[in-house]
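So for the sequence shown, the numbering used here puts the first residue at 3; every next one is plus one. Where a beta carbon is used, it is the ideal one built from N, C-alpha and C, also for glycine. Remember, predicted model here, so these are calculated numbers, not experimental data. Worksheet: the structure to be examined is printed underneath.
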Amino acid sequence: MFQSFFSRQLARPSGLFGRLFTARWLDKANVGMNTLTLESLDLAGNDRLLEVGFGGGYLLQQVLVRGRCQQVAGLDVSPDMVAHVGRRLRRYVVAGKARVALGDIESMPFADDEFSALCSVNTLYFWRDPARALAECRRVLQSAGRLVLCFNSKHDMEQWPGHVHGFSLYELAEVERLIAAAGFGDITTRTAHDPVQGEFYCVRAVAT
Numbered sequence: 003m004f005q006s007f008f009s010r011q012l013a014r015p016s017g018l019f020g021r022l023f024t025a026r027w028l029d030k031a032n033v034g035m036n037t038l039t040l041e042s043l044d045l046a047g048n049d050r051l052l053e054v055g056f057g058g059g060y061l062l063q064q065v066l067v068r069g070r071c072q073q074v075a076g077l078d079v080s081p082d083m084v085a086h087v088g089r090r091l092r093r094y095v096v097a098g099k100a101r102v103a104l105g106d107i108e109s110m111p112f113a114d115d116e117f118s119a120l121c122s123v124n125t126l127y128f129w130r131d132p133a134r135a136l137a138e139c140r141r142v143l144q145s146a147g148r149l150v151l152c153f154n155s156k157h158d159m160e161q162w163p164g165h166v167h168g169f170s171l172y173e174l175a176e177v178e179r180l181i182a183a184a185g186f187g188d189i190t191t192r193t194a195h196d197p198v199q200g201e202f203y204c205v206r207a208v209a210t
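Okay, here's the thing in structure tokens:
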């Protein structure tokens, strides 16, 4: 029962539990993945970054605190997380340095070529149509924009009983093929391991 509930929370944090526990758990559990994602993005001061599925907002906040971007934006399917992160980043939102929006990766409320960098950490499992989602990522990215996807290895995820509740798992090679088919090149992958997440991949690609 709890495995099913927690799996739904990971896909779409909501309610009091989502605000008080899931958001904080995601911040802590994904530190290693977020750190590698930020390294792979190689952000500069003139970049405009979009994070899809920002959870508790840790990565966006790190980018803003370090002054690594001209502007950041976040998109999430959870109204509760949009409200939570909007409050967390309020001073940056007011200053015009950040914005958070409610929406789905398969139909993003952003203009063509709006961003120079895009990342998503631990959300791939919940995409209904990965090919369409990646096509949308390519649409909102400028030519030569960077895409970074970070996700757990299929083998490690299969060891966790909760994966049967709404998770779609992918082999690394399959994800790399999907990225290439969506209009990205120069695909490179870094593999890492930490005590919380186990083995995970950080795939970087460039919009062609």
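In whole angstroms, give me the CA-to-CA distance for residue i and residue j.
i, j, result
"Thr210", "Asp114", "14 Å"
"Asp82", "His157", "31 Å"
"Gly105", "Pro197", "32 Å"
"Gly55", "Thr125", "6 Å"
"Gln161", "Ser155", "10 Å"
"Asn48", "Arg70", "8 Å"
"Leu28", "Gly185", "30 Å"
"Gly98", "Arg68", "16 Å"
"Val84", "Phe19", "15 Å"
"Met17", "His86", "With the sequence shown as reference, residue 17 is identified as Gly, and Met is not the correct amino acid for it. Cα to Cα, Gly17 sits roughly 11 Å from His86."
"Leu40", "Gly88", "21 Å"
"Leu174", "Asn36", "18 Å"
"Ala2", "Ala103", "Since the first residue of the chain shown is 3 and the last is 210, residue 2 is not available in this structure."
Kindly list the residues whose CB is nearer than 6 Å to the CB of residue i, restricted to its own chain and excluding five residues on each side of it in sequence; keep chain order.
i, result
"Thr193", "Tyr203"
"Gly200", "Asp158"
"Thr191", "Tyr203, Val205"
"Gln144", "Asp115, Ser118"
"Phe112", "Val142"
"Ala31", "Val198"
"Phe169", "Tyr127"
For residue i, which residues of its own chain have a beta-carbon under 8 Å away from its beta-carbon, when the five flanking residues on both sides are left out?
i, result
"Ala135", "Ile107, Glu108, Trp129"
"Gly34", "Ala194, Asp196, Val198, Gln199, Phe202"
Using beta-carbon positions only, say whether residue i and residue j come within less than 8 Å of one another.
i, j, result
"Gly50", "Gln64", "The question names Gly, but residue 50 in the sequence shown is Arg. No."
"Glu53", "Leu66", "no"
"Ala183", "Gly147", "no"
"Pro15", "Ser122", "no"
"Val150", "Leu43", "yes"
"Arg214", "Gly58", "Because the chain spans 3 through 210 in this model, residue 214 falls outside it and cannot be assessed."
"Glu178", "Ile189", "yes"
"Leu91", "Tyr127", "no"
DSSP beta-bridge partners for residue i?
i, result
"Glu53", "Gly76, Cys121"
"Gly200", "Asp196"
"Gly187", "Val208"
"Leu104", "Asp78"
"Ala109", "It is worth fixing the name first, because residue 109 is Ser in this sequence and not Ala. In the DSSP output, where bridge partners are listed per residue, Ser109 has Asp106."
Considering only residues of the same chain and omitting the five flanking positions on each side of residue i, which have a CB-CB separation below 7 Å?
i, result
"Leu38", "Cys152, Arg192, Ala194, Cys204"
"Met110", "Leu77, Glu138, Val142"
"Arg101", "Ala75, Val95"
"Leu180", "Pro132, Ala133, Leu136"
"Arg140", "Ala184, Gly185, Phe186, Ala209"
Exercise. In chain order, which beta strand (DSSP E) runs of at least 3 residues are fully inside the segment 132-178?
Worked result: 143-154
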